[in-house]
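According to the working numbering, numbering within the sequence shown proceeds without interruption in unit steps and concludes at 532. Built from N, CA and C at the ideal position, the CB exists for glycine as well.
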Amino acid sequence: MPSATPRYTSARSVAVVRALAGIGDMLCAVPALRSLRAGLPETHVALVGLPWAREMVDRFPRYLDELVPFPGFPGIPEVPPAVEALAPFLAEVQARHFDLALQMHGNGSVTNPFTVLLGASENAGSYLPGAYRPSRAFIPYPDGLHELRRLTSLTRFLGMPDTGEDLEWPVTAEDRAALALSTGDVLGGAYAIVHAGASHGSRRWPAERFARAADRLAAEGLQVVLTGVRGDEPVVSAVASAMRARPLDLVGRTTLGALGALMDAARLVLCNDTGVSHIAAALRVPSVVVFSGSDPARWAPLDRELHLAVQGSTSNIVRAVEHQLGRRDERVA
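Structure, rendered in structure tokens:
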């Protein structure tokens, strides 16, 4: 891959386009953002993202300085395009004269035209060979790579330093206070988290199978804690009803920060391929991640010993849980 010219390392303001809906989507970008900050320590970095990502900006102030709310754009499915809002949005962003706009949202088939419309002096990102390539600073979309490595391949091309592949999830005193407020005195002793929800139905392992694996955790003397957002209530209720052991149901009761604090002290996390798996990876909590309708080569945690990515039958998942329970872990050593 050709080397980037020095002009990218002198940018004073950068707009990063990544308007994706998932926590995991944003966490997989953290190593690239860390690399960007290491190469541009004094640069103002604005994330062009969905409104929910303001929490990511607040949680990662070392790497992100601002959220620029994405208004939607024809062909980008995350937000229905608000056509009446697009022209004023573009006028406002173009008036800021960003030095560099980075397209970190997909293969660029639709997001490259949007990125160029931001009006930055320079643009960079990925493109599909044969499709629109705005400039030589767009590299061929590295299909087949892990999402994290796809993004860091771009920052390396731009001349930014390699700062490693570790994910991050800072847990603050406020997060721990929010967790204590959510759980009161009911959480004590060793526990495992079972997160049966997922944003897409195709990624949800059946509730009764989660229940069987959860009972295996309970048989080891672990308190099973069920987590999820309000929309996960039906599936979490089904898991609880199918279990022999009595779990602690915290669905809809934790903020994202409190969930991180909860996970930070967990013995094990069992979940679908969803944002929770990436928080577990960031916190180095042993996990079993069930892949039903997504690609583990692209989305599974990179540490395949600490985090087992599993597909297949209930017995495969239960064996993975047993393997993780049997591994030596500093959390219980």
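I'd like the list of long-range same chain contacts for residue i, defined as Cβ closer than 6 Å, with 5 residues on each side in sequence excluded.
| i | result |
| --- | --- |
| S202 | Note on S202: pLDDT 49, under 50, position unreliable in the model; the coordinate value appears next. Closer than 6 Å at the Cβ level, and outside the excluded window around S202, lies no residue. |
| D463 | V370 and L482 |
| T454 | A377 |
| D298 | A210, R211, S212 and S320 |
| L524 | E419 |
| Q302 | V216, T310, N311, T314 and G324 |
| T354 | A231, S234 and L235 |
| E367 | V229 and A481 |
With burial defined as no fewer than 16 other Cβ atoms inside 10 Å of the residue's Cβ, what is the status of residue i: buried or exposed?
| i | result |
| --- | --- |
| S212 | buried |
| A214 | buried |
| D431 | buried |
| Y207 | buried |
| A532 | Confidence at A532 is low in this model, with a pLDDT of 48, below 50, so its placement is unreliable and no value can be given for it. |
| Q293 | exposed |
| L357 | buried |
| L461 | buried |
| D374 | buried |
| S334 | exposed |
| R415 | buried |
Does the beta-carbon distance from residue i to residue j come in below 9 Å?
| i | j | result |
| --- | --- | --- |
| E407 | V438 | yes |
| I392 | L226 | no |
| S234 | T362 | yes |
| A417 | A444 | yes |
| V468 | D448 | no |
| L319 | F337 | The question names Leu, yet the displayed sequence has Ala at residue 319. No. |
| G221 | G456 | no |
| G271 | A281 | yes |
Let me check one thing: in DSSP terms, what residues is residue i bridge-paired to?
| i | result |
| --- | --- |
| H304 | BP columns for H304 are empty, so no partner. |
| E265 | A245 |
| L299 | V213 and E321 |
| C141 | Since the first and last residues shown for the chain are 200 and 532, residue 141 lies out of range. |
| Y326 | P339 |
Residues in its own chain within less than 8 Å of residue i by CB, not counting five upstream and five downstream?
| i | result |
| --- | --- |
| G451 | G427, V428, R429, D431 and E432 |
| A568 | Given that the chain is displayed from residue 200 to residue 532, the structure contains no residue 568 and the question cannot be resolved. |
| L219 | M225, G248, L249, E277 and H304 |
| L501 | H345, L347, E364 and A480 |
| V197 | In the structure displayed, the chain extends from 200 to 532; residue 197 sits before or after that span and is not available. |
| F259 | V229, L232, E367 and P369 |
Within the same chain, show all residues whose beta-carbon is closer than 7 Å to that of residue i, passing over the 5 residues directly before and after it, in chain order.
| i | result |
| --- | --- |
| S493 | R402 and D472 |
| A519 | V487, L507 and V509 |
| L266 | L246, G248, A252, R253 and V256 |
| M200 | Annotation note: pLDDT 47 at M200 (below 50); position unreliable, coordinate value reported separately. Cβ within range, chain order: I338 and F356. |
Could you give the uninterrupted runs of the alpha helix (DSSP H) lying entirely in the region 376 to 459, keeping only those of 4 residues or more? Entirely contained in the region 376 to 459, the alpha helix (DSSP H) runs reaching 4 residues are, in chain order, 406 to 418 and 432 to 441.
At which residue ranges does the region 331 to 363 contain complete alpha helix (DSSP H) runs of 4 or more residues, listed in the order of the chain? Taken in chain order, the complete alpha helix (DSSP H) segments of 4 or more residues contained in the region 331 to 363 are 346 to 356.
Could you give the uninterrupted runs of the alpha helix (DSSP H) lying entirely in the region 472 to 514, keeping only those of 4 residues or more? Qualifying alpha helix (DSSP H) stretches, in chain order: 474 to 482 and 495 to 498.
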